[in-house]
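There are 4 protein chains.
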Amino acid sequence: MVAMNETALREFLVSDFPQADGQYRVERLTDDGLILRLVVDHMHLRPGGTVSGPAMFGLADVAVYLAILSRIGPEALAVTTNCSIDFMRKPEAGRDVLCDVRLLKLGRRLAVAEAHLTSDGGSEIVARASMTYSIPPARDAG
Amino acid sequence: MVAMNETALREFLVSDFPQADGQYRVERLTDDGLILRLVVDHMHLRPGGTVSGPAMFGLADVAVYLAILSRIGPEALAVTTNCSIDFMRKPEAGRDVLCDVRLLKLGRRLAVAEAHLTSDGGSEIVARASMTYSIPPARDAG
Amino acid sequence: MVAMNETALREFLVSDFPQADGQYRVERLTDDGLILRLVVDHMHLRPGGTVSGPAMFGLADVAVYLAILSRIGPEALAVTTNCSIDFMRKPEAGRDVLCDVRLLKLGRRLAVAEAHLTSDGGSEIVARASMTYSIPPARDAG
Amino acid sequence: MVAMNETALREFLVSDFPQADGQYRVERLTDDGLILRLVVDHMHLRPGGTVSGPAMFGLADVAVYLAILSRIGPEALAVTTNCSIDFMRKPEAGRDVLCDVRLLKLGRRLAVAEAHLTSDGGSEIVARASMTYSIPPARDAG
């Protein structure tokens, strides 16, 4: 069921997301998804030291993308079509953010996943997101 | 932490949701929410025998509402402000639908929950929803 | 661009949605969608006389479905995959609800639309929804 | 109805969002919202030259925030609680992105808005978002 293991995902992140370099770190694959870390940096912060909404959105987006590729392989295309995200608490200042992705559906055309974001070392969910990716056939624009 | 136990929730459903009479059944409280059953009937079906989208939406809406009241008591007001729902698979024909609600945030003003819907006896999630309820102060219109 | 005019949509509603009989009424096609009326009845009401959330969700769902079919024809399949809905105000008691749908994308595989719901005779939007429909090829389960 | 005009909004953006410096530009206030421009730069691009999802999310988030403040003033607090976003088409390479915000509800506790994103010079909507902001009382943590 796993097309890319953790090592393959880490290499893919370096080779195909050079702009992500150092921002994201694959923690581990899970039974139905994976955990991705946002290595928090000043560029992710809002005034006051909180991780910004777009940084959390970006984390969830990359995490779901990697979770899908981990199951279907790196040649596949997958484009975000929908995201619904709830921001529930402020992330703790000075902490990385972890994103725990669970794939709920991995169809031929659509994949749906849930993501729970927590501050590293914290137990409360600071944000949750659900995401849909479209998986186009190789020569299809969608 | 629990303001209404299963018996209290069942009595509340009968007394305050007479139109729900027999449609919904409280299965049990869980650590962070509850499980509600939709007793599927012809009124919930689409042509072809599938449970309709509005019936699944209604199930999730009532289930989250009851999960909130189970923690804050029946005197409270709570109104749905947002729902995002993904329909992922067809529910199995001729089966009840179970809705497993997890409260993610229960603040003074907003509550956020996730709901996973499965066909009774099935293991796959047929739909997922996230819902926000506003909890107005007694004399506040929102 | 229009595959079904208003008469064709009304006939389709009667023939293919018998359970909708009398509940929904096609008001008119618009440049980029259509307007559908919910003929409000006791079955759509919550205690207090307000139109229920599931009734508004159902209205938006049928309205978007008809808007899609009006452009691609009644033979097509289209299944709801995602809905995000915001409930912003109470609909006025004793009034029908109108749903104004705007198709934003009508691709080969996915259609996305926005819907604005108002009480008949009112100007304020009581709810808004965005919906995604998947348009499977004839022999594809999605 | 307008608490901050275009000049006030531009000054606010410089003074309170220094990290946004040059990224966003207030185009103009509209009857029910405003138009904000994302001045596209290499930092907003994905491989292939497309504006990234997080950059579009960030644009919509800031645009809705400014639209709310333009009506209630810069002293107010407002925090994003929910966003649902649909990505429908690729933005055109080498073009700024414009975000047209419409405030649908501006209550004492919650504000809801819709945003439509287009490539500068293009007519098709590349993404749409709906956002809810919570407006806490001055001494309330939500």
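Residue numbers (the working numbering), protein chains in the order written: chain A, 143 to 284; chain B, 143 to 284; chain C, 143 to 284; chain D, 143 to 284.
A virtual CB, placed ideally from N, CA and C, is assigned to each residue, including glycine.
Every unbroken beta strand (DSSP E) inside the region 144-198 of chain D [3 residues or more]: The region 144-198 of chain D is shown to contain whole beta strand (DSSP E) runs of 3 or more residues at 166-172 and 175-180, in chain order.
Report the three-state DSSP secondary structure of G284(C) (helix, strand or coil). Position 142 of the third sequence holds residue 284(C). Reliability of the predicted coordinates at G284(C) is poor, the pLDDT of 40 falling under 50, and no value is obtained from them.
What residues in the region 249-270 of chain C have a beta carbon less than 7 Å from any beta carbon of chain A? So the list reads G249, R251 and L252, given in the order they occur along the chain.
Using a Cβ-Cβ cut-off of 8 Å, state whether S276(A) counts as contacting chain C. The residue labelled residue 276(A) in the question sits at position 134 within the first sequence. So yes, S276(A) belongs to the interface.
Exposed or buried, what is H186(A) when buried is set at 16 or more other beta-carbons lying within 10 Å of its beta-carbon? Locating residue 186(A) in the first sequence gives position 44, counting from the first residue. Counting other Cβ atoms within 10 Å of its Cβ, H186(A) reaches 16 or more and is therefore classed as buried.
When L211(C), G195(C), G200(C) and D173(C) are compared against R152(C), the one with the closest alpha-carbon: Here residue 152(C) is taken as the residue at index 10 of the third sequence, counted from 1. Comparing Cα-Cα distances from R152(C) to each of L211(C), G195(C), G200(C) and D173(C), the minimum goes to L211(C).
For the structure I just gave you, are there three or more beta carbon pairs, one from the region 245-258 of chain C and one from the region 143-158 of chain D, closer than 8 Å? Short answer: they don't touch.
Spatial distance of R237(D) from P189(A) (CA atoms): As a working note, residue 237(D) is residue 95 in the fourth sequence. As a working note, residue 189(A) is residue 47 in the first sequence. Taking the CA atoms as reference points, R237(D) sits about 29 Å from P189(A).
Proximity test, Cβ basis, 8 Å: T223(C) and chain A: For this step, residue 223(C) is matched to residue 81 along the third sequence. By this cut-off, T223(C) is an interface position.
By DSSP, does I214(D) sit in helix, in strand, or in coil? Position 72 of the fourth sequence holds residue 214(D). DSSP places I214(D) in helix when its eight states are reduced to three.
Helix, strand or coil for R257(C)? Go by DSSP, reduced to three states. By one-based count along the third sequence, residue 257(C) stands at place 115. Looking at the sequence shown, residue 257(C) is not Arg but Ala. It is a strand residue.
Spatially closest choice to A145(A) from A218(A), E169(A) and S265(A), by CA coordinates: The residue given as residue 145(A) occupies position 3 in the first sequence. Of A218(A), E169(A) and S265(A), the residue nearest in Cα terms is A218(A).
List the residues of chain D whose Cβ lies closer than 8 Å to the Cβ of G215(A), in chain order. The residue given as residue 215(A) occupies position 73 in the first sequence. Among the residues of chain D, none has a CB under 8 Å from the CB of G215(A); the nearest is roughly 18 Å distant.
With 7 Å as the limit, tell me which residues of the region 192-207 of chain B have their beta carbon closer than that to any beta carbon of chain C; keep them in chain order. Residues G195, P196, F199, G200 and D203.
So, is the C-beta of L246(A) closer than 8 Å to a C-beta in chain B? Numbered from its first residue, the first sequence carries residue 246(A) at position 104. For L246(A), at least one C-beta of chain B is nearer than 8 Å to its own C-beta.
Can you list, in chain order, the residues of its chain whose CB lies under 7 Å from that of R244(C), leaving out five sequence neighbours each side? Working through the third sequence from its first residue, we reach residue 244(C) at position 102. Sequence-distant partners of R244(C) (beyond 5 residues in either direction) whose C-beta falls short of 7 Å from its own C-beta, in its chain, are D174, G175, A255 and E256.
Chain A residues whose Cβ lies nearer than 9 Å to that of M230(B): Stepping through the second sequence from its first residue, residue 230(B) is reached at position 88. Within chain A, the residues L246, K247, G249, L252 and V254 have their CB atoms less than 9 Å from the CB of M230(B), given in chain order.
Identify the contact partners of S157(A) in chain D, using a Cβ-Cβ distance below 8 Å as the criterion. One-based indexing of the first sequence puts residue 157(A) at position 15. Residues of chain D passing the Cβ test: none, with the nearest at roughly 11 Å.
Give me the Cα-Cα distance between A162(B) and R179(A), rounded to the nearest whole angstrom. For the purposes of this step, residue 162(B) is taken as the residue at position 20 of the second sequence. For the purposes of this step, residue 179(A) is taken as the residue at position 37 of the first sequence. Here the C-alpha atom of A162(B) lies approximately 44 Å from the C-alpha atom of R179(A).
Once DSSP output is grouped into helix, strand and coil, what is the label at D228(C)? Looking up residue 228(C) in the third sequence gives position 86. It is a strand residue.
Using the beta-carbon of each residue, which ones in chain C are nearer than 9 Å to S226(A)? The residue you call residue 226(A) lines up with position 84 of the first sequence. What S226(A) touches in chain C: N224 and S226.
Hey, does S110(D) have any beta-carbon neighbour from chain C nearer than 8 Å? The displayed coordinates of chain D run from 143 to 284. Any statement about residue 110(D) would go beyond what the structure contains.
Are the CB atoms of A269(C) and I227(C) nearer to each other than 8 Å? The residue you call residue 269(C) lines up with position 127 of the third sequence. The residue you call residue 227(C) lines up with position 85 of the third sequence. Going by C-beta atoms, A269(C) is nearer than 8 Å to I227(C).
Starting from the Cα of T222(A), find the closest Cα among A150(A), G200(A) and N147(A) and give me that residue. As a working mapping, residue 222(A) is identified with position 80 in the first sequence. Comparing Cα positions, the closest option is G200(A).
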